[in-house]
Every structure is written in structure tokens, then in C-alpha cells.
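Numbering (our numbering), first residue to last: 11 to 268.
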């Protein structure tokens with residue numbers, strides 16, 4: 011059986027599994043992993059098909075969740091950024107007994123705009139899929155640039171994301187397409203109303219991919235959950251605002267230990 015690239019560090023009592031977003035790999039957490047590993051037992055993962063977990067093809071969301079869970083500790087806080095937020099949510103829905111808490115970062119249970127639901131226009135995602143087959147490195151770079159737009163450190167944040175991508179093997183086009191397909195079609199809004207674990211949702215006020223309106227809509231839909239909006243952050247708040255980001259997670263850890 012193929013194995014994920016998986017690294018564990020830190021001596022905290024609570025395990026924290028970090029799941030990255032589309033096109034990237036676990037190196038994206040580099041800016042916060044030292045701080046978090048002083049509070050948690052930290053698990054860094056390259057999602058199947060990404061980074062150093064190259065021996066996987068395109069997968070469905072449930073398949074991705076099961077593969078991650080197979081190597082995960084018995085119980086953990088699962089944190090997922092963007093696409094990783096869908097994977098973490100799927101794990102919390104299907105195996106709540108394994109999840110101490112769910113944290114989603116700049117993520118949505120439904121990324122595609124539909125009716126009065128805010129999100130990415132389906133034709134934008136379809137356009138990215140089309141462009142991937144023509145010039146996939148440039149397409150990935152464009153997608154990364156979108157994630158930092160509007161922040162004071164946008165250029166430097168985009169460079170940090172690009173460096174993470176180029177440092178590891180690039181995912182195959184099929185894997186990237188499969189990830190975009192999940193972003194285009196997954197809709198966990200209804201299922202998450204029955205979520206049985208604590209849920210913390212973190213957002214960037216300037217996020218162009220997950221509009222901040224989603225935070226208020228989900229506050230209403232999931233009254234048991236808590237949301238935090240970082241005022242000057244975009245789609246990668248842990249890169250632009252690492253201290254505030256880590257503080258939110260340490261606060262959650264303290265609540266879980268009470």
C-alpha cells in the first residue's frame with residue numbers, strides 16, 4: 011500500500027494534524043511549525059499525490075480522507091487549509107470518534123458560488139482546469155497569487171507559497187485536476203449541521219477565494235461552532251499573520267484541556 015509523507019514533531023499532549031491546500035505540500039506550514047510544536051504533538055502531512063506523497067493518482071474527497079486517516083494518530087485535532095479543510099471536514103463527519111476538534115482555515119463546505127451562496131464562480135474553476143493542461147506551472151502560480159491578493163505583504167507571501175511548491179516534486183496534472191474537481195463539486199453544508207465535534211473556523215477578511223460573507227452564514231448554520239476573521243489577512247492567514255493564527259490554536263488547545 012502507498013504511504014503518505016508524514017512527519018511528527020513536538021511533545022504536546024494533544025495531536026494536531028495539518029492538512030495543506032491545493033497544489034502545495036506540508037512545507038507551507040514552515041512559518042508556524044516551530045511555534046505550534048511547542049504546544050502540540052504536530053503531524054505534518056503531504057496529501058496523497060502532492061509533494062512527497064507522489065504514488066497516488068487523482069482521488070475523490072472520501073478516498074483522500076480515508077488515506078489520511080489510515081496514518082493518523084488515534085485521536086487528534088484535524089486542521090485543514092482550503093482544500094485540506096474539506097478533507098479534514100470529511101474525516102470529522104465519517105470518523106468523529108477520531109477527532110478532538112475540527113479547524114478549517116480559509117475553507118468552505120462548498121467552494122462554488124451557487125444561488126445566493128458566495129464562492130468561486132464555477133467557470134473560474136473550469137478555466138483553471140482547462141489552463142492546467144496547457145501550462146500547468148503557470149496556472150498553479152496564478153492560483154497561488156490569487157491567495158495573497160490584497161494583503162500588505164502580498165508579494166512576499168506569494169513568493170513564500172511559490173517557493174514551497176518549487177521545493178518539492180510538482181503534483182501530476184491529473185492530481186491537480188482531481189483537486190479542482192473536488193473544489194468544484196464538493197458540498198458538505200448540509201452534512202456539517204450534524205457535526206458532533208468542536209468546530210473552529212478561521213478566515214481572512216481580504217480572502218478572494220472564500221468570501222468573508224461565508225463566516226456569517228455558517229455562524230448561523232452551525233451555532234455550536236466559533237469563527238475568527240483576521241482583519242488584514244487573505245487566503246493564507248498563517249503566512250501573513252502567524253502570531254495571531256497560532257494564538258487562536260493555543261486558545262483552542264487550552265479549552266480542550268479544561
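Using N, Cα and C, we set each Cβ at its ideal position, and we do this for glycine too. Note that this is a predicted model, so its numbers are computed, not measured.
Measuring alpha carbon to alpha carbon, tell me which of the options ends up nearest residue i.
i	options	result
residue 21	53, 14, 220	53
residue 131	218, 107, 97, 61	218
residue 80	91, 176, 140, 13	13
residue 208	75, 87, 166, 55	87
residue 109	255, 25, 49	25
residue 99	136, 205, 220	205
residue 51	74, 27, 162	27
residue 82	120, 17, 202, 47	17
residue 106	117, 75, 189	75
residue 141	97, 184, 223	184
residue 188	135, 220, 233, 29	135
residue 223	263, 253, 260, 118	118
residue 166	251, 255, 261, 73	251
residue 85	67, 111, 47	111
residue 259	31, 47, 153	47
residue 92	233, 193, 263, 73	193
residue 35	23, 55, 19, 49	55
residue 95	114, 15, 175	114
residue 89	57, 191, 152	57
residue 202	138, 101, 123, 263	101
residue 66	232, 266, 186, 243	186
residue 121	73, 191, 150, 151	191
How far does the beta strand (DSSP E) with residue i in it extend, from its first residue to its last?
i	result
residue 17	16 to 19
residue 88	86 to 91
residue 236	236 to 240
residue 54	51 to 55
In three-state terms, what does DSSP make of residue i?
i	result
residue 104	helix
residue 124	strand
residue 65	coil
residue 24	coil
residue 246	coil
residue 29	strand
residue 111	strand
Going by DSSP, what residue range makes up the alpha helix (DSSP H) through residue i?
i	result
residue 254	252 to 267
residue 47	40 to 47
residue 71	71 to 81
Are there any heavy atoms of the ligand NAP lying less than 8 Å away from the beta-carbon of residue i, as far as the coordinates show?
i	result
residue 183	With respect to small molecules bound, the structure shown includes none, and the ligand NAP cannot be examined in it.
Say whether the segment 220 to 228 touches the segment 144 to 157, bearing in mind that this needs 3 or more beta-carbon pairs closer than 8 Å, one atom from each stretch.
Here the segment 220 to 228 does not lie against the segment 144 to 157, with fewer than 3 beta-carbon pairs under 8 Å apart.
Within the chosen definition, does the segment 211 to 225 reach the segment 234 to 248 through at least 3 CB pairs nearer than 8 Å?
A contact exists between the segment 211 to 225 and the segment 234 to 248.
Give the list of continuous alpha helix (DSSP H) stretches no shorter than 4 residues that lie fully inside the segment 145 to 223.
146 to 158, 164 to 177, 183 to 195
Would you be able to state if there are at least three C-beta pairs under 8 Å between the segment 192 to 202 and the segment 246 to 258?
Between the segment 246 to 258 and the segment 192 to 202, the count of Cβ pairs shorter than 8 Å is below three; the stretches do not touch.
Taking 8 Å as the cut-off, does the segment 114 to 133 touch the segment 161 to 179 (at least 3 CB pairs, one atom from each stretch)?
Cβ pair count under 8 Å is below three, so no.
Determine, using beta-carbon pairs with one atom in the segment 58 to 74 and one in the segment 176 to 186, whether at least three such pairs fall under 8 Å.
yes
The segment 150 to 169 / the segment 37 to 48 touching (three or more Cβ pairs under 8 Å)
no
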